[in-house]
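Read the structure below first, then the notes.
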Amino acid sequence: MTYDPTNVFARILRGEIPNKTVYEDEQVLAFHDMHPAAPVHVLVIPKGPYVSFDDFAQKAGAQGISGFFRRVQLVAASLGVHETGYRLITNHGADASQTVPHFHVHILAGRPLGGLVPHMPVH
59 MTYDPTNVFA
69 RILRGEIPNK
79 TVYEDEQVLA
89 FHDMHPAAPV
99 HVLVIPKGPY
109 VSFDDFAQKA
119 GAQGISGFFR
129 RVQLVAASLG
139 VHETGYRLIT
149 NHGADASQTV
159 PHFHVHILAG
169 RPLGGLVPHM
179 PVH
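Its first residue numbered 59, the sequence shown is counted upward by one per residue in this note's numbering.
What follows is the structure, encoded as structure tokens:
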């Protein structure tokens with residue numbers, strides 16, 4: 059997958075599409091998901107052109123990676139979900155159902171979220 063500068067998150071970063079910003083600095087933007095899967099559903103995206111976590115991990119460097127995830131924790135704390143719990147999700151590629159080719163982390167919280175994925179029978 060190659061980076062598509064017309065993807066929805068790139069357009070949000072350029073201000074072409076409005077969003078409900080939760081947090082923003084020189085490296086990240088965090089905003090409410092337009093189609094929430096939980097009472098709290100916030101996306102955190104880096105401002106660089108990274109396709110997926112794999113791409114981000116290869117190109118961002120140690121400081122970029124640690125800084126990003128520190129900000130993810132800061133956003134979760136600012137949402138007040140650190141006490142009751144939250145889930146972080148990021149998808150890479152078609153098998154993981156990645157639909158936007160821009161690395162992002164979902165913060166989901168606000169209710170019991172259940173298991174991670176449906177259990178499949180082992181044959």
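Cβ coordinates follow ideal geometry from the N, Cα and C atoms, glycine included.
Source: prediction; values computed, not measured.
- With contact defined as three or more Cβ pairs closer than 8 Å, the stretch 151-164 and the stretch 110-118 are in contact.
- Fewer than three pairs of CB atoms, one per stretch, sit closer than 8 Å, so the stretch 74-88 makes no contact with the stretch 139-152.
- A distance below 8 Å between beta-carbons, with the five flanking residues on each side excluded, links I75 to the following residues of its chain, in chain order: V66 and R69.
- Each residue's CA atom was taken as its position, placing M92 and L71 some 15 Å apart.
- In the displayed model, I75 falls within coil according to three-state DSSP, outside both helix and strand.
- Separation of I103 and Y144 (C-alpha to C-alpha, rounded to the nearest whole angstrom) is 17 Å.
- Judged by their CB atoms, G172 and V98 are not nearer to each other than the 8 Å cut-off.
- Distance from the CA of I165 to the CA of K105, rounded to the nearest whole angstrom, comes to 17 Å.
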